[in-house]
Amino acid sequence: MSEISQDRDDYVSLYDLMEYARAKHNSDSEAAQDLLDLAENKNIPLFKQYGGIKPRIEPVSSTNLLNELNAVVRSNDMELPF
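Note that my numbering gives residue 1084 to position 76 of the sequence shown, counting from 1, and the numbers run on in steps of one.
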């Protein structure tokens, strides 16, 4: 099993990705839909960054991009209708 890179620069945060897409669209839902359309039928490994005493990056068991985007949206006061 290969080692997971702990260099944050090797990853793109979903928050940053959503912010980038929001700048290109008129609404949060259009931005999220665009990201979902781009990711359709692709296996996208997702990772979570932890801080604290033992900072680390670990894989997320869910590979459901919609669920993870919804979590980003909810925790950052964005609004999506789904």
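Backbone N, C-alpha and C define an ideal beta-carbon position, used for all residues, glycine too.
- May I ask you to list the residues that DSSP assigns as paired with residue 1065? Here residue 1065 corresponds to residue number 57 of the sequence shown, with the count starting at 1. In DSSP, residue 1065 forms a bridge with 1057.
- Message: I'd like to know if residue 1026 contacts chain C, where contact means its C-beta is closer than 7 Å to some C-beta of that chain.
- Response: In the structure shown, chain C does not exist; there is a single protein chain.
- Item | Per-residue burial, residue 1036 [other beta carbons within 10 Å of its own, 16 or more giving buried] | As a working note, residue 1036 is residue 28 in the sequence shown. Buried, since its Cβ has 16 or more Cβ neighbours within 10 Å.
- In terms of residues, what are the limits of the alpha helix (DSSP H) holding residue 1037? Counting from one through the sequence shown, the residue named residue 1037 turns up at place 29. First-last of the alpha helix (DSSP H) with residue 1037: 1036-1047.
- Message: I need the boundaries of the alpha helix (DSSP H) containing residue 1050, first residue and last residue.
- Response: The sequence position of residue 1050 within the sequence shown is 42, counting from 1. No alpha helix (DSSP H) contains residue 1050, which DSSP labels as neither H nor E.
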